[in-house]
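J.: One structure, as structure tokens, below. Some questions next.
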Amino acid sequence: MEIQENKRTSWAWIPSLYFAEGIPYVVVMALSVIMYKRLGISNTDIALYTSWLYLPWVIKPLWSPIVDILKTKRAWIVAMQLIIGAALGAVALTIPAPNFFKASLAVFWLLAFSSATHDIAADGFYMLGLSKHDQAWFVGIRSTFYRLAMITGQGLLIMLAGAIESKTGLPPVAVQVKADPTISAAANDFSFDPGSIQTPPTEGELHLVAQPEVLKLAPHPRGKAEVDALMAKAKNWNKEHGFYAGEKSAATKAQTESLWKKTLSAPLGDWLEKTFPKETIQKSAVAGNAEIVFFTLSKEPPADKNIVVNFGFEKGDKSIALREGERFTFNSKNWNTPFAAVLQLDPKLETATSATFKARSGNIPFAWSTTLLVLAALFLVFCIYHKFVLPRPASDVPTAKSGNLFAEFFKTLGSYFQKPGILTALAFILLYRFAEAQSIKLLSPFLLDAREVGGLGLTTGQVGFVYGTVGIICLTLGGLFGGFLAAKYGLKKMLPIMICAIHLPNAAFVYLSFVQPDNFFVINLCIAVEQFGYGFGFAAYMLYLLYFSDGEHKTAHYAICTGFMALGMMLPGMAAGAIQDHLGYVNFFIWVLIATIPSFGAAALIKIDPAFGKRAE
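Heads up: the sequence shown begins at 1 in our numbering, then just goes up one per residue.
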């Protein structure tokens, strides 16, 4: 009866806690990118500055001892959720300001550090608030709600901002694009004639006009040179008529060669080029068919008003993409001059399909401020809810033994490397995902690359379906199943099965690269098996991190484990592209199978208590 009661109590806080853990991460890493893009920040600045926001998660092991030493994990969770809510509200308030980019970035830094600290405290509390058996049982549950947070941040929140945009400006205009194999490629004549677009002023409310509203494209590849020429004409026209400023070119600085480059990196690069000459792949001379959609306003806007339009994908097949015209501005000078947006088909597309694109001209700062204020309110609710719902385990106490914080910090950090079996544990943490770290970088390129260069030639929409639907379902089911079995039989007994589950399905990619099947069901089946096996086997990895972190400083030690986990993914992944370039896809995936051997070897060396994860009798 007590065990069942503990499970019911745990259901009250584990889903909400891990949903709350995922939301600020996806806001900082994904939502901020889309928000800045909608607000007119350049791609260069977005890529540079938002990439630095990942740093707090990379270095969080460095301050994890402080979370262990000071206060309880419960107190840290509640405090960080309050700060995260306040930070989200602060970002919302900076957006309407003239210098919003710098101000919002500064608050995003605070949000990122608060979120990383919340991760440390939440993971530590998970170990303190649950028995070893329940830790195993809920490991798949917590992963599922973390993934739901990712989906919410990258889907529902963006939809909310889009809906607010639609309600606060001109009526949105939909453009439907149809790929129709029954028409010839010649039907899209590639003539660029903005002068033929006439939009006489009309009575009534100001609104956008799209010509045509239904665009038909033949799914037949065209010469790359003529497609590039069409895009260049559209881009130049748009710049010349003041729809947006041209991109600023970064000033190049003359740099003296560093000692590192002179003595090591340059000689090593020369040796690699001579010893392993890179295979030259002939770039395709064809590209997907493309065509123009023109936009104008129905009448002249007020002299002091700019109408900022965001045009983008709404629904349908992502094999149809917008190549030019994501954001443009109308004013009293260019309102009746047509803006040229370029839409293009994936060159591998052969069947009939369609997609809808929508042009919105709402109050974008208001939309994103409102969305972030909703999130701020949500975190205030999380803070209050967890203040009352989180249990108070007796073991959740500060670990400081003296008043010297500096000494306690280094003692906690050093105690990790004094744990029994540290060398074999580090080998396991670094090598368990050694093969996956390499394959994961090349899976999408393999699916997208043309068959002539060893890929499967899937369209963008097909890849989105494979991983966004089939893949995510199987990954989640695998994680849940792995957690339940580990809770039933214990991690030690399940580890051999789980390590096989995460690695052996890599053989599916050897098969796919060797056979290159064109049957989409077969490709989906292979990905489903691989993703289910990955979710199932990854549960063992997470449980081992929990097992090895157990002890006096489990919160700090778990954060250090996750730091080594990130390192184990980063280093092999950096070399994956070069390896695939030299080996080709078939040999690369054979190499990935071979690269699983160190993982099996490291798993054979670690020691695990047979009772870990199993229900205590």
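Ideal placement from N, C-alpha and C gives every residue a C-beta, glycine not left out.
So, is residue 74 buried or exposed, given that buried needs 16 or more other C-beta atoms within 10 angstroms?
T.: Residue 74 comes out buried.
J.: Suppose the cutoff is 6 Å on Cβ atoms and the five residues either side in sequence are ignored; what does the same chain contact list for residue 506 look like?
T.: Counting only Cβ-Cβ distances below 6 Å, and skipping sequence neighbours, we find 592 and 593.
J.: Any chance the region 433-442 sits against the region 571-590, with 3 or more Cβ pairs inside 8 Å?
T.: Output reads yes: the region 571-590 touches the region 433-442.
J.: Grab the span of the beta strand (DSSP E) containing residue 353 for me, first residue to last.
T.: Run containing residue 353: 353-361, per the beta strand (DSSP E) assignment.
J.: Quick one, are the C-beta atoms of residue 488 and residue 612 less than 8 Å apart?
T.: It is not a contact, given that the beta carbons lie outside the stated cut-off.
J.: Quick check on the burial criterion: 16 or more other C-beta atoms within 10 angstroms. Buried or exposed for residue 304?
T.: Result: exposed.
J.: Identify whether residue 510 lies in helix, strand or coil by the three-state DSSP scheme.
T.: The answer is helix: DSSP assigns residue 510 an H, G or I state.
J.: Please report how far the alpha carbon of residue 391 lies from the alpha carbon of residue 586, in whole angstroms.
T.: Cα-Cα distance, rounded: 52 Å.
J.: Output needed for residue 185: all residues of its chain with C-beta closer than 7 Å, excluding positions within five of it in sequence on either side, in chain order.
T.: Taken in chain order, the residues that qualify are 218, 220, 222 and 289.
J.: Does the CB of residue 37 have a neighbour CB from chain C at under 8 Å?
T.: This model lacks chain C altogether, as it is built from one protein chain only.
J.: Given a cut-off of 8 Å, decide if residue 154 and residue 382 are closer than it, judged by their beta-carbon atoms.
T.: Cβ distance not < 8 Å, so residue 382 and residue 154 don't count as in contact.
J.: Look at the alpha carbon of residue 307 and the alpha carbon of residue 49, and state the distance between them as a whole number of angstroms.
T.: Approximately 27 Å, taken between the alpha carbons.
J.: Threshold first: 4 residues or longer. Then list the alpha helix (DSSP H) segments lying entirely within the region 445-482, N to C.
T.: As far as the region 445-482 is concerned, its whole alpha helix (DSSP H) runs of at least 4 residues are 460-465.
J.: Mark residue 159 as exposed unless 16 or more other C-beta atoms lie within 10 angstroms of its C-beta, in which case mark it buried.
T.: Counting Cβ neighbours within 10 Å, residue 159 comes out exposed, since fewer than 16 surround it.
J.: Indicate whether residue 175 and residue 206 have their beta-carbon atoms separated by less than 8 Å.
T.: Not in contact: residue 175 and residue 206 (Cβ atoms no closer than 8 Å).
J.: Determine the burial state of residue 116: buried for a count of at least 16 other Cβ atoms within 10 Å of its Cβ, exposed for fewer.
T.: The residue is buried, with at least 16 neighbouring Cβ atoms inside 10 Å.
J.: Using a threshold of 8 Å, state whether the C-beta atoms of residue 363 and residue 169 are closer than that.
T.: In this structure, residue 169 lies closer than 8 Å to residue 363 by Cβ.
J.: Please give me, in chain order, every unbroken run of the alpha helix (DSSP H) with length at least 4 that falls completely inside the region 144-182.
T.: Complete alpha helix (DSSP H) runs here, min 4: 157-167.
J.: With burial defined as no fewer than 16 other Cβ atoms inside 10 Å of the residue's Cβ, what is the status of residue 165: buried or exposed?
T.: With 16 or more Cβ atoms within 10 Å of its Cβ, residue 165 is classed as buried.
J.: Does the region 346-357 come within contact of the region 229-246, defined as at least 3 CB pairs closer than 8 Å?
T.: Touching, no.
J.: Taking only the alpha-carbon atoms, compute the straight-line gap between residue 26 and residue 35 and give it to the nearest angstrom.
T.: Looking at the two C-alpha atoms, the distance is approximately 12 Å.
J.: When the Cα of residue 504 is compared with those of 110, 607, 599 and 112, which residue comes out closest?
T.: Residue 599 is the option with its Cα nearest to residue 504.
J.: What does residue 327 pair with, by DSSP beta-bridge criteria?
T.: Per DSSP, 310.
J.: With DSSP as the reference, label residue 397 as helix, strand or coil.
T.: Reduced to three states, the DSSP call for residue 397 is coil.
J.: Check whether the Cβ atoms of residue 114 and residue 84 sit closer than 8 Å, and answer yes or no.
T.: Yes.
J.: Using only alpha-carbon positions, find the residue among 213, 329, 189 and 315 that is nearest to residue 240.
T.: The option with the nearest alpha carbon to residue 240 is 329.
J.: Look up residue 291 in the DSSP assignment and say whether it is helix, strand or coil.
T.: Three-state DSSP puts residue 291 in a strand.
J.: With 16 as the cutoff for other CB atoms within 10 Å, does residue 195 come out buried or exposed?
T.: Exposed: under 16 other Cβ atoms inside 10 Å.
J.: Using the beta-carbon count (16 or more within 10 Å), is residue 333 buried or exposed?
T.: It is exposed - the Cβ of residue 333 has fewer than 16 other Cβ atoms within 10 Å.
J.: Nearest to residue 469 by alpha carbon, out of 532, 423, 516 and 421?
T.: Minimum Cα distance to residue 469 is reached at 532.
J.: Hey, residue 28 and residue 108 are a contact pair by Cβ (cut 8 Å); roughly how many whole angstroms apart?
T.: Sure, about 6 Å apart at Cβ, within 8 Å.
J.: Around the C-beta of residue 167, are 16 or more other C-beta atoms found within 10 angstroms, so that it is buried, or is it exposed?
T.: The residue in question, residue 167, is exposed, as its Cβ has fewer than 16 Cβ neighbours within 10 Å.
J.: Decide if residue 451 is buried, meaning its Cβ has at least 16 other Cβ atoms within 10 Å, or exposed.
T.: Under this definition residue 451 is an exposed residue.
J.: Decide if the region 547-562 is in contact with the region 127-141; the criterion is three or more beta carbon pairs, one per stretch, under 8 Å apart.
T.: The region 547-562, when compared against the region 127-141, does touch it at the 8 Å Cβ threshold.
J.: Following the continuous beta strand (DSSP E) through residue 427, name the residue where it begins and the one where it ends.
T.: Not the beta strand (DSSP E): residue 427 falls in the alpha helix (DSSP H), residues 422-431.
J.: Between which residues of its own chain and residue 16 is the CB-CB distance below 6 Å, once the five residues before and five after are set aside?
T.: No residues qualify anywhere along the chain.
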